[in-house]
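Be aware that the sequence shown starts at 5, since it is given in my numbering, and climbs by one per residue.
Glycine included, C-beta positions come from ideal geometry on N, C-alpha and C.
Shown next, in structure tokens, is the structure this report addresses.
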Amino acid sequence: HPALWLGPTSLFPAANGPLGSTSPFEPTLLSLLAALRPAFLRVPGGCYTEGDTQAHAFAWRTAVAPPLARPGHWNGVWGYWSTDGLGPLEYLSLAEALGAAPLWVAPTGVAHGDGLPPGGVAAVVADVLGLLEFALGDAATTQGGAARTAAGRAAPFPLFKLALGNEGCGKPGYAAAAASMATAVRLAYPQVSLVVDCDPAGGRAGWRRRAAALPAPPPGGPARRRTRGTGTGIPPRTRCLRRAWPGWRP
5 HPALWLGPTS LFPAANGPLG STSPFEPTLL SLLAALRPAF LRVPGGCYTE
55 GDTQAHAFAW RTAVAPPLAR PGHWNGVWGY WSTDGLGPLE YLSLAEALGA
105 APLWVAPTGV AHGDGLPPGG VAAVVADVLG LLEFALGDAA TTQGGAARTA
155 AGRAAPFPLF KLALGNEGCG KPGYAAAAAS MATAVRLAYP QVSLVVDCDP
205 AGGRAGWRRR AAALPAPPPG GPARRRTRGT GTGIPPRTRC LRRAWPGWRP
């Protein structure tokens, strides 16, 4: 029987969204997202970033190749194959298109099922520094900036907030990796603010204690549901995000 084999195919219009033919964003969906007026965009994700194992963690370096050349990876946490059609260029461009501050989540080598071998901290430090150079590096004087230009973006991205892992506190190796990453980032990119979504010193229990000690939100905001463990009715992550972005509302 006759057969027709199709390679990767996109049904998006040639002129698609504010980035023209290079935009991977469906215009209607993009406009709906923009109407939410997000203050920030957390990318590429949490569990998605760390992976169920190290082999399945999000690898930004292979996600800056031309889309059809990206190998993709298995998202074992949620059980599907990711083409990595959304890589650093697309995620940061999306934040810019929405007028939102990008918050990049850098893996710390602490996956759900395994971690880095001894001495592997150097790898995650090099990985996060490489990502920041890709986003912020000068196009003429840095390899990362040149790679960004080759991918279609000459100007640096305004990436000034970086999360060190995802819910890693209390897991073996997280504290050492996060501390090493923080030291390296502060030396190389002092303009970048660091964010954690837990308390490295006290695990989740300590995180809740510190979140509960933050000042209460001003009156007049939307009602919040009570969350067990905070004693304030405000989810601890919400309170931590308010500290990073004053005036932020969920």
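| query | result |
| --- | --- |
| Residue 13 Cβ short of 8 angstroms to the ligand GDP heavy atom set | Although the ligand GDP was asked about, the structure shown includes no ligands whatsoever. |
| Helix, strand or coil at residue 47 [DSSP, three-state] | strand |
| Alpha helix (DSSP H) segments (min. 4 residues) lying fully within the segment 139–197 | 147–154 and 178–192 |
| C-alpha distance - residue 148 paired with residue 136, whole-angstrom precision | 8 angstroms |
| Every unbroken alpha helix (DSSP H) within the segment 68–134, with a cutoff of 4 residues, ordered by chain | 92–102 |
| Beta-carbon gap between residue 95 and residue 82 smaller than 9 angstroms | no |
| Proximity winner among 40, 59 and 64, relative to residue 49 (alpha-carbon distances) | 64 |
| Residue range of the unbroken alpha helix (DSSP H) whose run includes residue 34 | 31–39 |
| Cβ neighbours of residue 132 in the same chain (closer than 6 angstroms, five flanking residues each side left out) | 110 and 185 |
| Closest by C-alpha distance to residue 60, when choosing among 8, 97, 78 and 68 | 78 |
| For residue 7 and residue 42, the rounded distance between their alpha carbons | 46 angstroms |
| For residue 100 and residue 31, the rounded distance between their alpha carbons | 15 angstroms |
| Contact the segment 172–184 vs the segment 123–131: 3+ CB pairs below 8 angstroms | yes |
| Sub-9 angstroms separation of residue 151 and residue 144 beta-carbons | no |
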